[in-house]
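Chemist: Quick one: this structure, given as structure tokens, is what I'll be asking you about.
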Amino acid sequence: MMWPMKEIFRLPLIAYLFSCSLFSQNITIDAPKIILKDLGFGLVFSGEFDGDTDYLLSINGQNFKPGQITREKLFFDKIKISETGTHSVSLLNELGVIYQFNKNVISGWISVLPPLIAIVLAFMSRSVIPSLFAAIWFGVWSLSGFRLGGIISSLLDSFHYYILNTLIDRDHAIITLFTLMLGGMVGIVYRSGGMHGIIQHMIKKANTPRKGQIAIWLFGIIIFFDDYSNTLIVGNTSRLLCDKLKISRQKLAYLVDSTSAPVATIAVITTWIGFQVGIIADALPGLDGLNESAYILFIHSIPYSFYPFLAIIMVGFVVFSGKDIGPMVYAEKKARMGIQYNPDMSETETESGSDGDDLFVKMNIPYRAINAIIPIAVLIFSMFYFIFTSGDGDSIKDILGSSDPFGALMHSTLLSALAAAGLAIGQGILNLNETLDAWFSGLKFMLMGMLVLILAWAIADLSKDLHTADYIVSTLGDSIPMPILPTIVFLVAAATAFGTGSSWGVMAILMPLVIPLTWAVMDNNGATTPENYHILYSSIACVLTGAVWADHCSPISDTTILTSMASGCDLMEHVWTQMPYAISTGAAALLLGTLPAGFGAPWWILLLLGILSQGLVIRHLGRTVD
Numbered sequence: 002m003m004w005p006m007k008e009i010f011r012l013p014l015i016a017y018l019f020s021c022s023l024f025s026q027n028i029t030i031d032a033p034k035i036i037l038k039d040l041g042f043g044l045v046f047s048g049e050f051d052g053d054t055d056y057l058l059s060i061n062g063q064n065f066k067p068g069q070i071t072r073e074k075l076f077f078d079k080i081k082i083s084e085t086g087t088h089s090v091s092l093l094n095e096l097g098v099i100y101q102f103n104k105n106v107i108s109g110w111i112s113v114l115p116p117l118i119a120i121v122l123a124f125m126s127r128s129v130i131p132s133l134f135a136a137i138w139f140g141v142w143s144l145s146g147f148r149l150g151g152i153i154s155s156l157l158d159s160f161h162y163y164i165l166n167t168l169i170d171r172d173h174a175i176i177t178l179f180t181l182m183l184g185g186m187v188g189i190v191y192r193s194g195g196m197h198g199i200i201q202h203m204i205k206k207a208n209t210p211r212k213g214q215i216a217i218w219l220f221g222i223i224i225f226f227d228d229y230s231n232t233l234i235v236g237n238t239s240r241l242l243c244d245k246l247k248i249s250r251q252k253l254a255y256l257v258d259s260t261s262a263p264v265a266t267i268a269v270i271t272t273w274i275g276f277q278v279g280i281i282a283d284a285l286p287g288l289d290g291l292n293e294s295a296y297i298l299f300i301h302s303i304p305y306s307f308y309p310f311l312a313i314i315m316v317g318f319v320v321f322s323g324k325d326i327g328p329m330v331y332a333e334k335k336a337r338m339g340i341q342y343n344p345d346m347s348e349t350e351t352e353s354g355s356d357g358d359d360l361f362v363k364m365n366i367p368y369r370a371i372n373a374i375i376p377i378a379v380l381i382f383s384m385f386y387f388i389f390t391s392g393d394g395d396s397i398k399d400i401l402g403s404s405d406p407f408g409a410l411m412h413s414t415l416l417s418a419l420a421a422a423g424l425a426i427g428q429g430i431l432n433l434n435e436t437l438d439a440w441f442s443g444l445k446f447m448l449m450g451m452l453v454l455i456l457a458w459a460i461a462d463l464s465k466d467l468h469t470a471d472y473i474v475s476t477l478g479d480s481i482p483m484p485i486l487p488t489i490v491f492l493v494a495a496a497t498a499f500g501t502g503s504s505w506g507v508m509a510i511l512m513p514l515v516i517p518l519t520w521a522v523m524d525n526n527g528a529t530t531p532e533n534y535h536i537l538y539s540s541i542a543c544v545l546t547g548a549v550w551a552d553h554c555s556p557i558s559d560t561t562i563l564t565s566m567a568s569g570c571d572l573m574e575h576v577w578t579q580m581p582y583a584i585s586t587g588a589a590a591l592l593l594g595t596l597p598a599g600f601g602a603p604w605w606i607l608l609l610l611g612i613l614s615q616g617l618v619i620r621h622l623g624r625t626v627d
């Protein structure tokens with residue numbers, strides 16, 4: 002009898018499925034994607050199990066007994082494999098093998114390579130995005146046990162699994178929308194002349210170099226919600242003022258750079274907070290005993306962010322005293338004599354965006370500060386409203402801890418963008434198409450940061466699958482003294498950011514490693530109690546502020562380059578004239594702030610000491626120009 006062709010092809014499939022069902026007894030396995038050599042791991046088998054039956058797990062002739070047995074699950078923990086390669090893992094009972102699978106085992110040091118590759122490639126290429134993606138690709142390939150055929154499949158999996166998963170995560174999607182909407186709001190406010198309206202009010206009485214510098218410093222603090230926007234707005238709008246008052250472009254670049262990222266780092270409503278809270282949140286799963294949310298951890302880390310505070314205050318000392326240090330003295334003397342770097346900048350070029358900037362002011366429109374004040378006020382007040390209405394509790398800490406900050410961020414930026422658009426259109430300053438174009442121009446400035454953030458989320462997920470933090474903790478957890486851990490974190494973040502030129506990239510690479518490492522070091526010292534949480538807060542702050550400090554010193558930093566462009570200053574002139582201030586505040590932040598804070602010194606006393614030290618530096622080392 003002739004069998005139909007369909008049946009011939011079906012028979013092997015049916016036989017295979019039948020044998021699998023008999024063999025596995027409907028058992029499923031929860032196992033790590035990769036196993037690290039000599040690093041303990043656990044397995045959970047799900048199915049139907051008899052509590053009176055003896056079960057064993059066999060790996061390379063080693064047998065392990067389950068730590069716990071229920072009717073539905075078998076739990077095996079503290080399993081270690083001492084050889085690399087592909088190993089067969091078998092679950093046995095009295096009848097023999099009831100489930101079997103293969104697992105790849107790699108050396109633990111390989112798990113550290115993805116973030117290390119990202120750092121090294123960023124140093125070499127001066128580009129963070131390709132470096133992060135190459136690191137992800139390598140990490141996914143390592144999950145396959147470095148199979149030759151897995152090179153192409155790992156490239157596809159990098160997109161299909163890790164990058165895609167970051168985009169479909171609810172919190173990640175909210176952060177993305179928040180960042181883009183805020184960028185759009187900034188674009189509308191800028192195009193409609195709102196920012197220029199504010200600065201016009203501020204500089205009416207700024208008729209001396211000292212008053213002009215104070216006005217620029219204050220304006221840099223007011224534009225707190227984004228470092229890029231701060232740099233572009235303050236730099237571009239202040240160039241003519243500096244030329245008229247004979248303030249050097251180097252001084253303008255310093256004022257802009259030291260009130261952009263430092264302000265955005267510590268302000269609670271910025272484009273940075275979504276990024277910072279996002280990478281902190283991704284590092285928290287698996288930390289037993291830590292009950293604080295990512296947002297609360299960020300808020301608690303702010304007092305330990307010594308460098309941003311000192312950098313902002315140092316600028317205040319400089320502009321109010323009229324004194325400068327280092328090469329800035331000579332730059333200011335030349336400017337007072339009328340020798341200005343690139344003074345030939347017309348008002349039309351500065352305001353119309355003819356220099357190629359996407360953010361520019363529409364020509365022949367009134368500059369009204371209210372067009373910036375109202376959207377910013379809507380952003381701030383609605384942010385606080387949504388945070389407090391989404392939380393529960395009797396205290397502010399409880400409310401903040403149970404609130405939905407991501408949702409609050411998204412809702413507040415939407416309302417602020419609508420407010421900015423309504424003001425621009427309602428006054429006839431912009432039509433609908435112009436408003437949409439302005440919104441998109443602001444959005445484009447956020448795209449590069451969003452790409453970095455997406456890849457950062459992906460490499461954070463990959464690091465979890467590779468057990469990078471577990472390996473680092475097992476290797477270094479007992480050897481790092483707990484009090485100096487934040488100092489080490491600051492130096493590592495600073496060195497990496499100096500070489501890569503990207504503070505966000507460094508934050509994204511280090512935060513998923515630093516938080517678990519810090520918690521493990523605290524656990525090894527029996528210090529996972531609230532009175533020792535300052536170590537964790539300080540370590541988180543040091544990832545953020547160490548990156549910002551080095552970002553100020555690096556000639557390849559994106560913000561340094563953008564600042565020099567917006568201020569009309571030569572890049573290296575900006576770097577060399579700003580360096581003494583950055584070194585002074587960075588040393589004070591590290592030696593008078595972070596280091597003693599690790600030993601339990603009150604942060605507010607250390608901050609006062611840091612402020613005092615910078616005042617003494619300006620008083621004794623500063624030279625008056627006027």
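All residue numbers for the sequence shown refer to the working numbering, where the first residue is 2 and numbers rise by one. C-beta atoms are modelled at their ideal positions from N, C-alpha and C, and glycine is treated no differently. Quick caveat, the model's predicted, so the values are computed rather than measured.
Just the Cα atoms here: how many angstroms apart are T436 and L183?
Modeler: On the sequence shown, position 435 is the one that residue 436 refers to. On the sequence shown, position 182 is the one that residue 183 refers to. If I take the Cα positions, the gap works out to 14 Å.
Chemist: Where F299 and G279 are concerned, what is the direct C-alpha to C-alpha distance, given to the nearest angstrom?
Modeler: The sequence position of residue 299 within the sequence shown is 298, counting from 1. The sequence position of residue 279 within the sequence shown is 278, counting from 1. In a straight line, the C-alpha of F299 is about 10 Å away from that of G279.
Chemist: Helix, strand or coil for R90, going by three-state DSSP, please let me know.
Modeler: Your numbering for residue 90 matches position 89 in the sequence shown. The residue you asked about is not Arg; residue 90 is Val in the sequence shown. V90 falls in the strand class under three-state DSSP.
Chemist: Could you tell me the boundaries of the beta strand (DSSP E) in which L57 lies?
Modeler: The residue labelled residue 57 in the question sits at position 56 within the sequence shown. Per DSSP, L57 belongs to the beta strand (DSSP E) from 57-60.
Chemist: Return the chain-ordered ranges of every alpha helix (DSSP H) run that is complete within the segment 514-559 and spans a minimum of 4 residues.
Modeler: List check, alpha helix (DSSP H) in window: 534-554.
Chemist: Could you round the C-beta distance between V507 and A542 to whole angstroms and report it? I think they count as a contact, below 8 Å.
Modeler: Taking the sequence shown and counting its residues from 1, the one referred to as residue 507 is at position 506. Taking the sequence shown and counting its residues from 1, the one referred to as residue 542 is at position 541. Incorrect: roughly 14 Å between the Cβ atoms, too far for contact.
Chemist: Can you tell me whether I80 is helix, strand or coil according to DSSP?
Modeler: Counting from 1 along the sequence shown, the entry for residue 80 is found at position 79. Of the three classes helix, strand and coil, the one that applies to I80 here is strand, per DSSP.
Chemist: For the structure I just gave you, are there three or more beta carbon pairs, one from the segment 162-177 and one from the segment 474-494, closer than 8 Å?
Modeler: Contact fails: fewer than three Cβ-Cβ distances are below 8 Å.
Chemist: Nearest to L608 by CA position, among P131, T260, R211, I313, is which residue?
Modeler: Numbered from 1 along the sequence shown, position 607 holds the residue referred to as residue 608. Nearest C-alpha to L608: I313.
Chemist: I need the straight-line Cα distance from V129 to I36, nearest angstrom please.
Modeler: Walking along the sequence shown from the start, residue 129 turns up at place 128. Walking along the sequence shown from the start, residue 36 turns up at place 35. The alpha-carbon atoms of V129 and I36 are separated by roughly 29 Å.
Chemist: If you drop the 5 nearest sequence neighbours on each side, which residues of the same chain put their C-beta closer than 7 Å to that of W604?
Modeler: Mapped onto the sequence shown, residue 604 falls at position 603. Answer for W604: P304, Y305, A598, listed in chain order.
Chemist: For L628, which three-state DSSP category applies?
Modeler: Nothing about residue 628 can be read from this structure; the chain reaches only from 2 to 627.
Chemist: Within 10 angstroms of its Cβ, does A459 collect 16 or more other Cβ (buried), or is it exposed?
Modeler: Residue mapping note: residue 459 aligns to position 458 of the sequence shown, counting from 1. A459 should be labelled buried.
Chemist: Helix, strand or coil for D395? Go by DSSP, reduced to three states.
Modeler: The residue labelled residue 395 in the question sits at position 394 within the sequence shown. Looking at D395 - three-state DSSP - the assignment turns out to be coil, as it is neither helix nor strand.
Chemist: State buried or exposed for M338, treating a residue as buried only when at least 16 other CB atoms are found within 10 Å of its CB.
Modeler: Here the question's residue 338 lines up with position 337 in the sequence shown. When all chains shown are included, M338 counts as exposed.
Chemist: I'd like the span of the alpha helix (DSSP H) that includes F179, first residue to last.
Modeler: Working through the sequence shown from its first residue, we reach residue 179 at position 178. Element bounds for F179: 171-192.
Chemist: Skipping 5 residues on each side, what residues in its chain have a beta carbon closer than 6 Å to that of R250?
Modeler: On the sequence shown, position 249 is the one that residue 250 refers to. Result list for R250: Y342, S568, G569, C570, in chain order.
Chemist: Check whether the segment 149-167 touches the segment 427-443, taking contact to mean three or more Cβ pairs, one atom from each stretch, closer than 8 Å.
Modeler: No: the two stretches stay apart, fewer than three of their Cβ pairs being nearer than 8 Å.
Chemist: What number of angstroms, rounded off, separates the C-alpha of L285 from the C-alpha of S259?
Modeler: As a position in the sequence shown, residue 285 is number 284, starting the count at 1. As a position in the sequence shown, residue 259 is number 258, starting the count at 1. Rounded to whole angstroms, L285 to S259 spans 31 Å at the Cα level.
Chemist: Mapping DSSP to helix, strand and coil, what is L467?
Modeler: Position 466 of the sequence shown, counting from 1, holds the residue named residue 467. It is coil, neither helix nor strand.
Chemist: Going by other Cβ atoms of all chains shown within 10 Å of its Cβ, with 16 needed for buried, is G97 buried or exposed?
Modeler: By one-based count along the sequence shown, residue 97 stands at place 96. It is exposed - the Cβ of G97 has fewer than 16 other Cβ atoms within 10 Å.
Chemist: Considering I300, what are the terminal residues of the alpha helix (DSSP H) in which it resides?
Modeler: Position 299 of the sequence shown, counted from the first residue, corresponds to residue 300. 295-302 is the extent of the alpha helix (DSSP H) around I300.
Chemist: Identify every residue that forms a DSSP beta bridge with D325.
Modeler: By one-based count along the sequence shown, residue 325 stands at place 324. Answer is R624.
Chemist: Kindly indicate which residue of L144, S47, F102, G62 has the alpha-carbon position closest to the one of D462.
Modeler: Position 461 of the sequence shown, counted from the start, is the residue given in the question as residue 462. Looking at the Cα atoms, L144 is the closest of the given residues.
Chemist: Which first and last residues belong to the alpha helix (DSSP H) in which D158 is found?
Modeler: Here residue 158 corresponds to residue number 157 of the sequence shown, with the count starting at 1. D158 -> alpha helix (DSSP H) spans 151-158.
Chemist: Taking Q214 as part of the alpha helix (DSSP H), name the residues at either end of that continuous run.
Modeler: Working through the sequence shown from its first residue, we reach residue 214 at position 213. That run of the alpha helix (DSSP H) goes 210-223.
Chemist: Taking only the alpha-carbon atoms, compute the straight-line gap between S355 and L452 and give it to the nearest angstrom.
Modeler: Here residue 355 is taken as the residue at index 354 of the sequence shown, counted from 1. Here residue 452 is taken as the residue at index 451 of the sequence shown, counted from 1. Its pLDDT being 36, under 50, S355 is placed unreliably in this model, and the coordinates cannot settle the point.
Chemist: Secondary structure at L288, three-state DSSP: helix, strand or coil?
Modeler: Against the sequence shown, residue 288 aligns to sequence position 287. Residue state, collapsed to three classes: coil.
Chemist: Could you work out which residue in S480, T390, V257, D552 is closest to T519 when comparing CA atoms only?
Modeler: Within the sequence shown, the letter at position 518 stands for residue 519. Of the candidates S480, T390, V257, D552, the one whose C-alpha sits nearest the C-alpha of T519 is S480.
Chemist: Write down the C-beta distance between G221 and L246 rounded to the nearest angstrom, noting that I regard them as a contact closer than 8 Å.
Modeler: To locate residue 221, count along the sequence shown from 1; it is residue 220. To locate residue 246, count along the sequence shown from 1; it is residue 245. Rounded, the Cβ-Cβ distance is 16 Å, inconsistent with contact.
Chemist: Taking Cβ to Cβ, would you say Y386 is nearer than 8 Å to H197?
Modeler: Stepping through the sequence shown from its first residue, residue 386 is reached at position 385. Stepping through the sequence shown from its first residue, residue 197 is reached at position 196. For Y386 and H197, no; Cβs fall outside 8 Å.
Chemist: Rounded to the nearest angstrom, what separates M384 and T529 at their Cα positions?
Modeler: Mapped onto the sequence shown, residue 384 falls at position 383. Mapped onto the sequence shown, residue 529 falls at position 528. Answer to the nearest angstrom: the Cα atoms are 32 Å apart.
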